[in-house]
Amino acid sequence: MYRYDEFDHTLVAERVTQFRDQVRRRVAGELTEDEFKPLRLMNGLYLQLHAYMLRVAVPYGVLSAHQMRRLAHVARVYDKGYGHFTTRQNIQYNWPKLEEVPDLLEELAEVEMHAIQTSGNCIRNVTADQFAGVAADEIDDPRVYAEIIRQWSTLHPEFSFLPRKFKIAITGAPNDRAAVKVHDIGLRMIRNEADEPGFEVIVGGGQGRTPMIGHVVRGFLPVPDLLTYLDSVLRVYNQLGRRDNLYKARIKILVHETGVDEFTRLVEEEFAAMTRETPQVLPGGELARIRAYFQPPAYRDLGKAAPTLDLALATDSAFAQWHAASVSAHKQTGYAIVTISLKPIGGIPGDASAAEMEAVADLAETFSFSEIRVTHEQNLVLPDVAKEDLYAVWQGLKEAGLATPNVGLVTDIIACPGLDYCNLANARSIPIAQEISERFADLDRQHDIGELKVKISGCINACGHHHVGHIGILGVDKKGVEHYQITLGGDATETAALGDIVGPAFSGDKVTDAVDTVVAVYLDQRQDGERFLETYRRVGLAPFKEKLYAAR
Amino acid sequence: MPLVKDDALVADTWTRLDDDAAMIDGPVVISLERWLNERDVLSSRNGPLGIVLTSHETPEQISDDLGRFSLICLEFPRFTDGRAYSHARKLRERFGYTGELRAVGNVLRDQFLFMQRCGFDAFEVADGTALEDWLRATTEISVAYQSAADRRATAMAQRQDSCTAS
């Protein structure tokens, strides 16, 4: 993985010192809360319902075991012993004290981590495919470009006070695990006719109050032009994005109101001009320097045969069940990718205790070249596990209470923090997730239902990605009572779609029943091993709607 | 209000004229609207002329007239309105403006470095401003990852140099 050089170290250290001074001025009363707010937000510090919340960046979801240990340490010393992995591959701490945050950040800087731009109306932490570099279906390693974007976006002098937050996601594979079509900018690696790698640039996707699927504004962007092109998109947005209405300030609204063709023309015009004025052509040397950090680890020369694995699969059905849900294809023969569920039955999606973080760090050190990934579905990944070690990894996970075999299944729920923590929320998300998780606890039933993505947001801001959930659940406030609107058929992948609203919202005590009904209709309608999404696309909303509202 | 300019606190020698105020001798700053309405008269004036653009007024609106101005003020109505950063870079990098580029309005030290990097070279600050705080703001972050109007050597360029040198 990438390691800081002197420039990176210096910048992060200086940023900590700068923020320490900003905190000092706030505590001393030299800064008003209004003046301090944008400064703390640019460093990931929110004021929540009960306390400050600090969001720490995990750039493009890549962590070392060493960094994970430090995150566990921070959880113990500065928080209540746990952290919360988010849908943007970051980690949040819900209970830090303002005066201690500079020390916390200094401890993070020691392991090359920071909280820069994890909030605020600036370019946020870039996200990527959690299987980057190891996926069997990859065109090129997106981490190389994600790191270049991380640096380019850090303290960008022109784009730190945008109309609204700005999120960039990148995938190197045709199977989109980074949800690039629902980001402000999505970059999809492709090859042109001359077999050179480049990007398809998608702009104006997003979730929130006005969900939209992004539009392709550039079919093929050569790699060397990446930063100039990003600068051009951002400049058009910075100048023309709406600043009169918070809810219409994202770039998706600008693209929509301007029209894709006109928006594209403006970007290309800006790109041509910037290419003349301030060309930032990516030098081959810098690309090579960064790529060198992402060379594959020293894989052993393993054959296809994995007798230990085969034996375990044949004799231990619990392991086999976990294997079916948690293991993905690796590009290296004899290796596999392991996804660790942070969704124990009845638990809080994405939460991990310090002990759990350390257990994952241990396993990564022993079995996965010390590397860990965070997924946007709030799980963790050991990217480089020898197939012959999978049984040992599973046993280690089981011991740590991290072997829930539900990855990709109905209880692998994405949920935002909701009204339990967040002052924007209309309704609680976590208890709904917990109730659904308990209702579907039976593992055989879960595996029978198959791939089903349930995503819950406690308000219209859609942090829980409900618009792109196969089953989406949105918390709404109806005369002071928590209600939940259900959508079906959403999809965050390369076949991206926004979910359809089934009808009137359900009260909190009826939501789990409603999900149960949706699943029952699916099982009833399912043909030939169809996934939920395939059945839904074939039969449409009607049969679900009919059953859901039949008793009313 | 005082100005931070060339690492010093200096008095402002320009007079900001309201649109309905009578023209006076000496250096004056006018609005875009006045410039557009009275361009012919103002062009023949002898004294130095400055103009202020609010954040929704663009450099393109004066790009053909830049030779007339020895001062351009870009206004930050709130420091969270970042349009003037783009406008400043365009004035410097696209239209080649070399006169004084002044940040006015809600100008705070925490944005000083960003403004400087985008091409501002004068900053209208509150009375009683401590200069040393402002100067620290431009040196406390010494690494620049991206090219901007200040042409500061980026980390990327410096890495390439050290590669070539070794």
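Chains as they are written, first to last, in the working numbering: chain S, 2 to 553; chain C, 126 to 291. Cβ coordinates follow ideal geometry from the N, Cα and C atoms, glycine included.
Each of Ile433/S, Pro164/S, Leu343/S and Glu389/S was checked against the Cα of Asn407/S, and the nearest Cα belongs to Leu343/S. The bridge partners DSSP lists for Phe194/C are Leu174/C. In this structure, the CA atom of Gly187/S is about 27 Å from the CA atom of Gly476/S. Between the stretch 272-283 of chain S and the stretch 348-364 of chain S, the count of C-beta pairs closer than 8 Å stays below three; the two stretches do not touch. Not one beta carbon of chain S lies nearer than 8 Å to the beta carbon of Glu158/C. The stretch 77-88 of chain S and the stretch 372-385 of chain S touch, with three or more beta-carbon pairs separated by less than 8 Å. Gly397/S is positioned such that its CB atom lies no closer than 8 Å to that of Ala326/S. Across the structure, Ala497/S and Gln285/C are spaced so that their CA atoms are roughly 40 Å apart.
In the three-state reduction of the DSSP assignment, Arg165/S falls in the coil class. Listed along chain C, the residues sitting closer than 9 Å to Leu163/S by beta-carbon distance are Gly207. Taking a 10 Å sphere around the C-beta of Asn171/C, we find fewer than 16 other C-beta atoms and assign the residue as exposed.
Rounded to the nearest angstrom, the Cβ distance from Gly209/S to Arg251/S is 7 Å, consistent with a contact under 8 Å.
Ranked by how close their Cα comes to the Cα of Asp235/C, the residues Val28/S, Pro284/S, Leu40/S and Thr316/S have Leu40/S in first place.
Pro297/S is not a Cβ neighbour of Phe132/S, given a cutoff of 8 Å. Residue-level contact by beta carbon holds for Ala274/S and chain C, with a gap shorter than 8 Å. Its Cα nearest to that of Lys130/C, the residue Glu249/C stands out among Leu191/C, Glu249/C and Val268/C.
Val13/S sits away from Val375/S, with the two beta carbons spaced by 8 Å or more. Non-local beta-carbon contacts of Lys548/S in its own chain, meaning distances under 6 Å to residues more than five positions away in sequence, involve Thr518 and Val522 in chain order. Gly286/S has a beta carbon lying within less than 8 Å of a beta carbon in chain C.
Considering only Asp144/C, Asp143/C and Leu128/C, the residue with the shortest C-alpha distance to Asp137/C is Leu128/C. When secondary structure is reduced to three states using DSSP, Thr309/S falls in the helix class.
Close CB contacts of Phe272/S within its chain, under the 7 Å cut and outside five residues either way in sequence, are with Thr229, Tyr230 and Ser233 (chain order). With respect to the 8 Å criterion, Glu366/S and Thr309/S are not classified as neighbours on the basis of their beta carbons. Taking a cut-off of 8 Å for Cβ pairs, the stretch 109-123 of chain S and the stretch 454-471 of chain S do not touch, as fewer than three such pairs fall below it.
Under the Cβ criterion of 8 Å, Arg244/S is counted among the residues facing chain C.
For Ser188/C, the nearest beta carbon of chain S is not closer than 8 Å to its own beta carbon. Within 7 Å of the CB of Glu218/C, the CB atoms of chain S belong to Glu278 and Thr279, in sequence order along the chain.
With 16 or more other Cβ atoms from the protein chains shown falling within 10 Å of its own Cβ, Ala428/S counts as buried. A Cβ-Cβ distance of about 5 Å is found for the pair Glu265/C and Gln19/S, placing them in contact under the 8 Å criterion. Within the stretch 86-114 of chain S, no residue places its CB atom closer than 7 Å to a CB of chain C. By the C-beta density criterion, His471/S is buried, having at least 16 other C-beta atoms within 10 angstroms. Exclusion of the five residues before and after Glu139/S leaves Gly173 and Ala174 as the residues of its chain whose Cβ lies within less than 6 Å of its Cβ.
No residue range can be given for Pro505/S, since it is assigned to no beta strand (DSSP E) and is classified by DSSP as neither H nor E. In summary, Gly221/C is exposed, with fewer than 16 beta-carbon neighbours lying within 10 Å of its beta-carbon over all protein chains present. The three-state reading of DSSP puts Tyr336/S in strand, counting E and B together.
For Gly205/S and Ser168/C, the gap between their C-alpha atoms comes out near 44 Å.
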